[in-house]
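S.K.:
Numbering (this note's numbering), first residue to last: 381 to 1074.
(1) Only counting the same chain, and skipping five residues up and downstream in sequence, which positions put a Cβ closer than 7 Å to that of residue 751?
(2) Could you spell out where the beta strand (DSSP E) holding residue 682 opens and where it closes?
(3) For the alpha helix (DSSP H) that contains residue 457, what are its first and last residues?
(4) Within 10 angstroms of the Cβ of residue 698, are there 16 or more other Cβ atoms? Answer buried if so, exposed if not.
(5) In the structure shown, what three-state DSSP assignment does residue 425 receive?
(6) Return the Cβ separation of residue 686 and residue 725 in integer angstroms, given the expectation that the two are a contact with Cβ distance under 8 Å.
(7) Leaving out five residues on either side along the sequence, give the residues of the same chain with a beta carbon under 8 Å from the beta carbon of residue 411.
(8) State yes or no: is the beta carbon of residue 1061 nearer than 8 Å to at least one beta carbon in chain D?
(9) Looking at C-alpha atoms only, which residue of 679, 472, 407 and 433 is the closest neighbour of residue 464?
(10) In whole angstroms, what is the alpha-carbon distance linking residue 704 and residue 654?
(11) Nearest to residue 792 by CA position, among 801, 488, 782 and 680, is which residue?
(12) Locate the alpha helix (DSSP H) running through residue 1064, then write down its first and last residues.
(13) Leaving out the 5 sequence neighbours to the left and right, which residues in its chain are closer than 7 Å to residue 877 when beta-carbon positions are compared?
(14) Considering just the uninterrupted stretch of the beta strand (DSSP E) at residue 672, what are its terminal residues?
(15) Just verifying my parser: in three-state terms, what is the DSSP assignment at residue 845?
(16) Counting pairs of Cβ atoms below 8 Å between the region 466-477 and the region 435-449, do you hit three or more?
(17) With burial defined as no fewer than 16 other Cβ atoms inside 10 Å of the residue's Cβ, what is the status of residue 874: buried or exposed?
(18) Please specify which runs of the alpha helix (DSSP H), each continuous and at least 4 residues long, are wholly inside the region 803-864, giving them in chain order.
(19) Please report the distance separating the alpha-carbon of residue 592 from that of residue 633.
(20) Note down, in chain order, each residue of its chain lying with its Cβ closer than 6 Å to the Cβ of residue 760, except the 5 sequence neighbours on either side.
(21) Roughly how many angstroms separate the alpha carbons of residue 1043 and residue 785, rounded to a whole number?
(22) I'd like to confirm the pairing. Which residues does DSSP put opposite residue 379 in its beta bridges?
(23) Specify, as a first and last residue, the run of the beta strand (DSSP E) that residue 371 falls within.
(24) For residue 876, name the three-state secondary structure that DSSP assigns.
(25) Hey, out of 774, 780 and 770, whose CA is closest to residue 861's CA?
(26) What residue range is occupied by the uninterrupted beta strand (DSSP E) comprising residue 593?
(27) Alpha carbon to alpha carbon, how far is residue 345 from residue 799?
(28) Quick test of your reading: residue 676 and residue 764, contact by CB under 8 Å. State the CB separation rounded to the nearest angstrom.
(29) Taking only three categories from DSSP, how would you classify residue 782?
(30) Keeping to the same chain, check which residues put their C-beta closer than 8 Å to that of residue 819; ignore five residues upstream and five downstream.
(31) Measuring CB to CB, does residue 597 end up less than 8 Å from residue 628?
(32) Helix, strand or coil for residue 711? Go by DSSP, reduced to three states.
(33) Where does the unbroken beta strand (DSSP E) through residue 565 begin, and where does it stop?
(34) Can you check whether the CB of residue 742 is closer than 8 Å to the CB of residue 691?
(35) For residue 705, list the residues DSSP reports as bridge partners.
(36) Does DSSP put residue 438 in a helix, a strand or coil?
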């Protein structure tokens, strides 16, 4: 084993430590051989005696630094310098001694263990250790070598141990009762105050959820949780009323949101506190008994009639008196008013559903002692319909009948409209007017669908004899009270082709085209020109007069000249007076309406031949004028009176239609042709065979 030597580390002796000896069989001890050492540490750590081959360690060695050295040995003949043996290799091993204590890899260790934990790598020495009592611990750990035997070395390290939290503590209110105040006017959502239940745990184990237990105040208040501060915020849920309830007592629960099932046996993880809320009284405006009012009133109600009542009260304990008024911005026409004390609404003006079916006004109720405390409410007034409008034609009808029309032809369909709106709908009826129940020319047929048809009654019409017919139609409804009116239909007689298409409705055009020559037309034009010249001369002479005629003087005190279209009227009926009638009778207005008769009840029949062209009437007027001229008591100026005079010596007798209803419908009118030329037109209308058939 010469090629392996052993050496202790950390030699502490005074001499060098002997390692071993190199020796060859060629050494005779005569000093001729020299030993040479090479390799790891040769010459520095390890020294060899050239003569004897002894090897010593020159320095203290450390196995932990290097535990093995490899060296080579030579034996050389001093005289020849030759190796007496081949170079050999040997090893020096360093034997370990206990010169190093145990060392930890870290100077400081950190560890954590849940509180209340059981056995682990690092385990608690005490049962049920509580983080809430002490959270941080510092432990020193020692490590010994040699199994802890005597002479062994040791090392230490420090371990910081933290107890982590578990949810083993319920929330707890610091006080059992809380007191808050709220004005009764606080709107929903108002924050009244905060409460907090303390939880010794941390993190999510300390999260708390608040709720109001069922019972008093649960429907009036609410509680929400502030996630940042874990506080409960008491809020208003519904409007409060001091007069109804002044004090509320709530039971508020606080509970953990993440309970740990391992510790449920410790008890309920929640706590309860009582919250008392006092409602403070404030001066409130009046309150109406309804949110809005709907009133219905007939449109024929009299002025000053009460149509409804509005009521309001003071919700405060003082119960102040209320004053009512109408907001005039919603009733600009001042149609309604309200009694300031009892709230009765009444009318100031007549109502008309057809012009305004709805009225929307605003009523104000204010405290008399404090007018600033006021409330407003809308009042919707619906005007109910009363049958106060008569039906009338829906439009103006331009009606014509062909000259070649046959009996029973439909020439016009008329419809009517009514401003009223009966609940059962409109139903109109059409009849002839009572004054002319039997019209020889046209028939009115009620179609039973709110329309009427106008039918021809005779065979053929002559526009030269009669160019226009006026057909009065009585229209009435079926509502109560029944309203009626008379509509007059103007029917023109026109020339038509064989298909019934209108060609011309002017009688003059037919006469000129049929019977006038070119010379006759020239003569007519000359006559018209001469008349125009005479009119111009008359106007020029009139301007040259210096004195104003008595007829237009302001001092004229003569009686009014009155034109009557019917009987009656008396001295006060001066509506139709026109002083121009003295100069030109044709300027008289035939269509003046009477003041004392409703317009729809006046039925005027247009005369085809003007009154002043009747020869009998002219003779009558001239005789009357002569009598007045010869009368010494007559006024000193001319006066004109127009009468609906039938004429003298009429062989026809009375032509009144008062007894026409009793007349036989098939009466023979042939005797009219025997009355002479004055009744020729009447005989043509009623004396023919076609008229008999009608």
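We put the CB at the ideal spot given by N, CA and C, even for glycine.
Since the model is a prediction, treat every value here as computed from it, not as a measurement.
M.R.: Walking through what the data contain:
(1) Counted from its first residue, the chain shown places residue 751 at position 371. For residue 751, where only same-chain residues beyond five positions count, there are no Cβ hits under 7 Å.
(2) As a position in the chain shown, residue 682 is number 302, starting the count at 1. For residue 682, no beta strand (DSSP E) run applies, since DSSP gives it neither H nor E.
(3) On the chain shown, position 77 is the one that residue 457 refers to. Per DSSP, residue 457 lies in no alpha helix (DSSP H) segment; the continuous beta strand (DSSP E) that holds it begins and ends at 448-457.
(4) Counted from its first residue, the chain shown places residue 698 at position 318. So residue 698 counts as exposed.
(5) One-based indexing of the chain shown puts residue 425 at position 45. Of the three classes helix, strand and coil, the one that applies to residue 425 here is coil, per DSSP.
(6) Here the question's residue 686 lines up with position 306 in the chain shown. Here the question's residue 725 lines up with position 345 in the chain shown. Right, their Cβ atoms sit about 7 Å apart.
(7) Taking the chain shown and counting its residues from 1, one reaches residue 411 at position 31. Within the same chain, residue 411 has close Cβ partners 431 and 458.
(8) The displayed structure is made up of one protein chain only, and chain D is not part of it.
(9) Working through the chain shown from its first residue, we reach residue 464 at position 84. Answer by Cα proximity: 407.
(10) Numbered from its first residue, the chain shown carries residue 704 at position 324. Numbered from its first residue, the chain shown carries residue 654 at position 274. So the alpha carbons of these two residues sit roughly 45 Å apart.
(11) Taking the first residue of the chain shown as 1, we reach residue 792 at position 412. Nearest to residue 792 by alpha-carbon distance, out of 801, 488, 782 and 680, is 782.
(12) Position 684 of the chain shown, counted from the start, is the residue given in the question as residue 1064. Its alpha helix (DSSP H) spans residues 1060-1066.
(13) For this step, residue 877 is matched to residue 497 along the chain shown. Sequence-distant partners of residue 877 (beyond 5 residues in either direction) whose C-beta falls short of 7 Å from its own C-beta, in its chain, are 883.
(14) By one-based count along the chain shown, residue 672 stands at place 292. No beta strand (DSSP E) holds residue 672; DSSP gives it neither H nor E.
(15) Within the chain shown, numbered from 1, the residue matching residue 845 stands at position 465. For residue 845, the secondary structure class from DSSP, reduced to helix, strand or coil, is coil.
(16) Because the criterion of three Cβ pairs below 8 Å is met, the region 466-477 and the region 435-449 touch.
(17) As a working note, residue 874 is residue 494 in the chain shown. Looking at its Cβ environment, which holds 16 or more other Cβ atoms inside 10 Å, residue 874 is buried.
(18) Listed in chain order, there is nothing to give.
(19) Counting from one through the chain shown, the residue named residue 592 turns up at place 212. Counting from one through the chain shown, the residue named residue 633 turns up at place 253. The straight-line gap separating the alpha-carbon atoms of residue 592 and residue 633 is approximately 6 Å.
(20) By 1-based counting over the chain shown, the position of residue 760 is 380. Closer than 6 Å at the Cβ level, and outside the excluded window around residue 760, lie 674 and 740.
(21) Mapped onto the chain shown, residue 1043 falls at position 663. Mapped onto the chain shown, residue 785 falls at position 405. Low per-residue confidence applies at residue 1043: pLDDT is 47, beneath 50, and the placement is therefore not dependable enough to give any value.
(22) Here the chain covers residues 381 to 1074 and nothing more, so residue 379 does not appear.
(23) Given that the chain is displayed from residue 381 to residue 1074, the structure contains no residue 371 and the question cannot be resolved.
(24) Within the chain shown, the letter at position 496 stands for residue 876. Note: residue 876 maps to strand in three-state DSSP.
(25) The residue given as residue 861 occupies position 481 in the chain shown. Looking at 774, 780 and 770, the one whose alpha-carbon comes closest to that of residue 861 is 770.
(26) Counting from 1 along the chain shown, the entry for residue 593 is found at position 213. Counting along the chain, residue 593 sits inside no beta strand (DSSP E), nor does DSSP assign it H or E at all.
(27) The chain is shown from 381 up to 1074; residue 345 falls before or after that span and cannot be answered.
(28) The count along the chain shown starts at 1 and reaches residue 676 at position 296. The count along the chain shown starts at 1 and reaches residue 764 at position 384. Indeed they touch by this definition, with Cβ atoms about 6 Å apart.
(29) Here residue 782 corresponds to residue number 402 of the chain shown, with the count starting at 1. The answer is strand: DSSP assigns residue 782 an E or B state.
(30) In the chain shown, counting from the first residue as 1, residue 819 sits at position 439. These residues qualify, in order along the chain: 812, 837 and 851.
(31) By 1-based counting over the chain shown, the position of residue 597 is 217. By 1-based counting over the chain shown, the position of residue 628 is 248. Cβ distance < 8 Å, so residue 597 and residue 628 count as in contact.
(32) Mapped onto the chain shown, residue 711 falls at position 331. It is coil, neither helix nor strand.
(33) The sequence position of residue 565 within the chain shown is 185, counting from 1. Note, residue 565: premise wrong, no beta strand (DSSP E); not H, not E.
(34) Your numbering for residue 691 matches position 311 in the chain shown. Your numbering for residue 742 matches position 362 in the chain shown. Their beta carbons are not under 8 Å apart, which means residue 691 does not touch residue 742 by this criterion.
(35) Residue numbering aside, residue 705 sits at position 325 when the chain shown is read from its first letter. Per DSSP, 744.
(36) By one-based count along the chain shown, residue 438 stands at place 58. In the structure shown, residue 438 sits in coil (DSSP, three-state: anything other than H, G, I, E or B).
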